[in-house]
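2 protein chains.
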Amino acid sequence: MGLIEEIGVKAKAASRELCLMNAEKKNRALEEMALALSARRDDILAANHEDLDAGREAGLSDALMDRLTLTEKRIEDMAQGLREVAALTDPVGEVIDGWRLANGLEIRRVRVPLGVVGIIYEARPNVTVDAAGLCVKSGNAVILRGSSSAIRSNLVLTEVIAQAGEGAGLPAGSIQLIPLTDRESAKELMRMRDYVDVLIPRGGVGLIRTVVEESTVPVIETGAGNCHTYIDASADLEMAERIVINAKTQRPGVCNAMETMLVHEAVAEEFLPRAAAALRERGVVLRGCERARSILPGIEAATEQDWYEEYLDLILAVKVVTSLREAIDHINTYGSRHSEAIVTRDLEAARRFTAEVDSADVYVNASTRFTDGGQFGLGAEIGISTQKLHARGPMSLRELTSSKFVIYGEGQVRP
Amino acid sequence: MGLIEEIGVKAKAASRELCLMNAEKKNRALEEMALALSARRDDILAANHEDLDAGREAGLSDALMDRLTLTEKRIEDMAQGLREVAALTDPVGEVIDGWRLANGLEIRRVRVPLGVVGIIYEARPNVTVDAAGLCVKSGNAVILRGSSSAIRSNLVLTEVIAQAGEGAGLPAGSIQLIPLTDRESAKELMRMRDYVDVLIPRGGVGLIRTVVEESTVPVIETGAGNCHTYIDASADLEMAERIVINAKTQRPGVCNAMETMLVHEAVAEEFLPRAAAALRERGVVLRGCERARSILPGIEAATEQDWYEEYLDLILAVKVVTSLREAIDHINTYGSRHSEAIVTRDLEAARRFTAEVDSADVYVNASTRFTDGGQFGLGAEIGISTQKLHARGPMSLRELTSSKFVIYGEGQVRP
Numbered sequence: 117m118g119l120i121e122e123i124g125v126k127a128k129a130a131s132r133e134l135c136l137m138n139a140e141k142k143n144r145a146l147e148e149m150a151l152a153l154s155a156r157r158d159d160i161l162a163a164n165h166e167d168l169d170a171g172r173e174a175g176l177s178d179a180l181m182d183r184l185t186l187t188e189k190r191i192e193d194m195a196q197g198l199r200e201v202a203a204l205t206d207p208v209g210e211v212i213d214g215w216r217l218a219n220g221l222e223i224r225r226v227r228v229p230l231g232v233v234g235i236i237y238e239a240r241p242n243v244t245v246d247a248a249g250l251c252v253k254s255g256n257a258v259i260l261r262g263s264s265s266a267i268r269s270n271l272v273l274t275e276v277i278a279q280a281g282e283g284a285g286l287p288a289g290s291i292q293l294i295p296l297t298d299r300e301s302a303k304e305l306m307r308m309r310d311y312v313d314v315l316i317p318r319g320g321v322g323l324i325r326t327v328v329e330e331s332t333v334p335v336i337e338t339g340a341g342n343c344h345t346y347i348d349a350s351a352d353l354e355m356a357e358r359i360v361i362n363a364k365t366q367r368p369g370v371c372n373a374m375e376t377m378l379v380h381e382a383v384a385e386e387f388l389p390r391a392a393a394a395l396r397e398r399g400v401v402l403r404g405c406e407r408a409r410s411i412l413p414g415i416e417a418a419t420e421q422d423w424y425e426e427y428l429d430l431i432l433a434v435k436v437v438t439s440l441r442e443a444i445d446h447i448n449t450y451g452s453r454h455s456e457a458i459v460t461r462d463l464e465a466a467r468r469f470t471a472e473v474d475s476a477d478v479y480v481n482a483s484t485r486f487t488d489g490g491q492f493g494l495g496a497e498i499g500i501s502t503q504k505l506h507a508r509g510p511m512s513l514r515e516l517t518s519s520k521f522v523i524y525g526e527g528q529v530r531p
Numbered sequence: 117m118g119l120i121e122e123i124g125v126k127a128k129a130a131s132r133e134l135c136l137m138n139a140e141k142k143n144r145a146l147e148e149m150a151l152a153l154s155a156r157r158d159d160i161l162a163a164n165h166e167d168l169d170a171g172r173e174a175g176l177s178d179a180l181m182d183r184l185t186l187t188e189k190r191i192e193d194m195a196q197g198l199r200e201v202a203a204l205t206d207p208v209g210e211v212i213d214g215w216r217l218a219n220g221l222e223i224r225r226v227r228v229p230l231g232v233v234g235i236i237y238e239a240r241p242n243v244t245v246d247a248a249g250l251c252v253k254s255g256n257a258v259i260l261r262g263s264s265s266a267i268r269s270n271l272v273l274t275e276v277i278a279q280a281g282e283g284a285g286l287p288a289g290s291i292q293l294i295p296l297t298d299r300e301s302a303k304e305l306m307r308m309r310d311y312v313d314v315l316i317p318r319g320g321v322g323l324i325r326t327v328v329e330e331s332t333v334p335v336i337e338t339g340a341g342n343c344h345t346y347i348d349a350s351a352d353l354e355m356a357e358r359i360v361i362n363a364k365t366q367r368p369g370v371c372n373a374m375e376t377m378l379v380h381e382a383v384a385e386e387f388l389p390r391a392a393a394a395l396r397e398r399g400v401v402l403r404g405c406e407r408a409r410s411i412l413p414g415i416e417a418a419t420e421q422d423w424y425e426e427y428l429d430l431i432l433a434v435k436v437v438t439s440l441r442e443a444i445d446h447i448n449t450y451g452s453r454h455s456e457a458i459v460t461r462d463l464e465a466a467r468r469f470t471a472e473v474d475s476a477d478v479y480v481n482a483s484t485r486f487t488d489g490g491q492f493g494l495g496a497e498i499g500i501s502t503q504k505l506h507a508r509g510p511m512s513l514r515e516l517t518s519s520k521f522v523i524y525g526e527g528q529v530r531p
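Residue numbers (the numbering used here), protein chains in the order written: chain V, 117 to 531; chain E, 117 to 531.
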């Protein structure tokens, strides 16, 4: 048996016990994991320094280096995150629904853990701890597979939380990291249907595509966000400006930031110049369609590719549309089904937009930046699903569960 | 653009309109489809005769020929099935939950269609009509891909219901059959992520494995059922006999029939002879473990492979176990996570069995034969999911939907 399969076997065995643990025990483990992170801070920072040194040598970008960096504060945040997960309601055991059949059979649909969750993720070492915490709380064993740039940090983090968790009663194998970062080991994980119940890739478009293409384990697609804001003919333009600035500039590098702004032609001449001025003031570069450029001379031309782009940067594509229909069609054609907003005062436009736009999160008169498990009040977040199966939008503890029909009878047989 | 992609494009376009249709309109279409099946009965039977002739020439087994056969009665049953689906509650538009955030944002999670559903299925032409009816009712466009042995029947059935449905207002492309039955066309369907939101394979283990292996479109695994009944030390043996006979013989060729019987050693000597006699009387052949054979001399020995087998026939594997623990471990090792039952009078045994057995449907003192959307009162059934993602157990209309967050604000931005 190879190393990866061994990890799978251990995780499956752990999951059989984890699914039976009550919340008190799981919470105690989470608290111990949090304490251990603080206690082992120096070891974690030392390993992280090695990753950072290697990253510097490899010429990682500033953004990547920032994501890779751990500090005392960031370690405390991870510990705090575990405590917050401990405070959330345990989803396992919830009776989703139940009824009695005419023949007396009593049916209950009960929430149960998925079993073994695989997480494939890129640079940020905090995902190691966040994902492990959510999986433990929802009664799942977790197999983590991070990137090579963070391998030293991830190894220490996993050792610390797995040891502390097991010390507090988690079954051995509940939290495991694949210590290899080559393509083959990832591929093996993606094909371990016997041991892994679901794979959640967290990272860039390329990573997600690879997992979707190569995995035979069921996948929950997360993340890529080509988000739109549509300024309707009837929009309150002051509100529109506020929303657009927030959606683009409050944190441009994240998946729920706006990437394309659509403006109805009836308000384009009035709205575009003021919005453009406010955006430029905040460093945003615009790329426009023909009509947008005729109103905003000097901005770059948007190519077909721009409508597909998730810039994750201070760049915004701008298009003037002739109708709500055109806006909806544009979003459904080029969007990534993540988060979209309409700014409008028109009831029918709001209703049509929310009904016809095919995205996980559709807003009326609010910034797309709210798409987030924490913001929505769901508790911590394991990712944002942009597919339609199993979960859609921000995913938290419930989305890490399945269900089971439990049926009690007194000897019923089928006639 | 190739033929399969064209079908995908049409289906996606249809799905954009279908998702907005209210139940009245969809029900009218279903009623018209039902009427058309009766009206075009002769054409359907003629096409079916050609399939049957070809099947006879190709030497199909009696069981397959029976599945392939349409009769006036079976056509009426399909029409009746459509009427029953029309009578079910429309799942689309259901507000699953909703709340207001501290900042005033109003969040609702609303049930929406999946979009385009692909069904890959084997011989039985009634699946063509059943699946189309459920997809239409749940607001999904459907792409059907049946087997070559039923192609003539499927072509006529699809033509009849698609025409009738479109005549009653369904968008063109709502119901389509792939007219090719070669491997390449199936493979293309499995890779059309841009147009197909979910694939549901319905058929044997081989078909399901192929789809799971080759599909990049998300798949809901259905069907294979290696179901167990465990007779506990404390079982009411009369009840146990009744349940075992029902689970094995009431309809042996279906996925929720029992394939392995586990018997606690404390009752094996008393129970096995009487159960074996009753089963043999009904034509069941037993294959046993060492201990079972020492109690029932003359029965065949079960091999390791037998514990994995879904016989779908009057064959039963029998194993004597020393404990509840061994029974649960056996089921979790060899089972297909479909349906399992315990017969017991012991509360703790019942609770442990339902908690620890990792299957979609777990019974206490009842026959596994009840696992069925109709029996459960869910309405018609599109299949029985044996995976944990999205849906588990019998799937009906709700399981053909996704959800969407709809958020109303009044200018909220993220601080």
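Just so it is clear, CB atoms sit at the ideal spot from N, CA and C, and this is done for glycine as well.
Predicted, not measured: the structure shown is a model, and the values here were computed from it.
For a Cβ distance threshold of 9 Å, residue set 466, 470, 479, 480, 481, 482 of chain E lies close to residue 524 of chain V, ordered along the chain. Rounded to whole angstroms, residue 158 of chain E and residue 177 of chain E show a C-alpha spacing of 25 Å.
In this structure, residue 285 of chain V keeps its C-beta atom at 8 Å or more from the C-beta atom of residue 396 of chain V. Of V:517, V:425, V:404, V:175, the smallest CA-CA separation from residue 416 of chain V is found for V:404. What residue 230 of chain E touches in chain V, judged by beta-carbon distance under 7 Å, is 504, going in chain order. In the structure shown, residue 142 of chain V adopts helical secondary structure according to DSSP, grouped into three states. Contact between residue 337 of chain E and residue 502 of chain E holds, since their C-beta atoms are separated by about 6 Å, short of 8 Å.
Under the three-state reduction of DSSP, residue 504 of chain E is assigned to coil, being neither helix nor strand. In the structure shown, residue 370 of chain V falls within a coil segment according to DSSP collapsed to helix, strand and coil.
Around the CB of residue 423 of chain V, 16 or more other CB atoms lie within 10 Å, so the residue is classed as buried. Note on geometry: alpha-carbon atoms of residue 531 of chain V and residue 264 of chain E lie some 35 Å from one another. Straight through space, the alpha carbons of residue 494 of chain V and residue 351 of chain V are spaced by roughly 30 Å. Cβ-Cβ distances below 6 Å link residue 345 of chain V to 360, 363, 374, 377, 457 in the same chain, with the five nearest sequence neighbours on each side left out; the list follows chain order. Here the alpha carbon of residue 335 of chain E sits roughly 28 Å from the alpha carbon of residue 444 of chain V.
Boundaries for residue 333 of chain V: no alpha helix (DSSP H) harbours it, and the DSSP string shows neither H nor E there.
Taking 8 Å as the upper bound on Cβ-Cβ separation, chain E lies near residues 313, 314, 328, 329, 332, 334 of the region 312-334 of chain V.
Between the region 231-241 of chain V and the region 202-213 of chain V there are fewer than three C-beta pairs closer than 8 Å, too few to call the two in contact.
Proximity to residue 441 of chain V across V:282, V:489, V:370, V:381 peaks at V:381, based on C-alpha coordinates.
The distance from the Cβ of residue 293 of chain E to that of residue 262 of chain E is about 7 Å, consistent with a contact at the 8 Å cut-off.
Neighbours of residue 387 of chain E in chain V, taken as residues at a C-beta separation under 7 Å, are lacking, since the least C-beta distance is about 15 Å. Closest in alpha carbon position to residue 166 of chain E, among E:202, E:408, E:266, is E:266. With respect to the 8 Å criterion, residue 280 of chain E and residue 139 of chain E are not classified as neighbours on the basis of their beta carbons. Residue pairing from DSSP leaves residue 469 of chain V without any beta-bridge partner. In its chain, beyond the 5 residues on either side, 197 have a beta carbon closer than 6 Å to the beta carbon of residue 246 of chain E. Rounded to the nearest angstrom, the gap between the Cα atoms of residue 505 of chain E and residue 520 of chain V is 11 Å. Shown here for residue 466 of chain E: same chain residues with a beta carbon closer than 6 Å to its own, the five before and five after excluded, namely 460, 480 in chain order.
Counting every other CB atom within 10 Å of its CB across the protein chains shown gives residue 528 of chain V a total of 16 or more, marking it as buried. Per DSSP, reduced to three states, the secondary structure at residue 484 of chain V is helical.
The C-beta of residue 464 of chain E has fewer than 16 other C-beta atoms within 10 Å across all chains shown, which makes the residue exposed. Not flagged as an interface residue toward chain V: residue 117 of chain E, since no C-beta distance is shorter than 8 Å. Interface flag for residue 412 of chain V against chain E is unset, since no Cβ pair is found closer than 8 Å. Shown here, residue 530 of chain E sits in coil according to DSSP, grouped into three states, outside any helix or strand. Interface criterion not met: the Cβ of residue 157 of chain E is under 8 Å from no Cβ in chain V. Secondary structure note for residue 237 of chain V: it is in no alpha helix (DSSP H), and the uninterrupted beta strand (DSSP E) holding it is 232-237. When the Cα atoms are used, residue 448 of chain V and residue 244 of chain E turn out to be separated by approximately 29 Å. Between residue 496 of chain E and residue 133 of chain E, the C-beta spacing is not below 8 Å.
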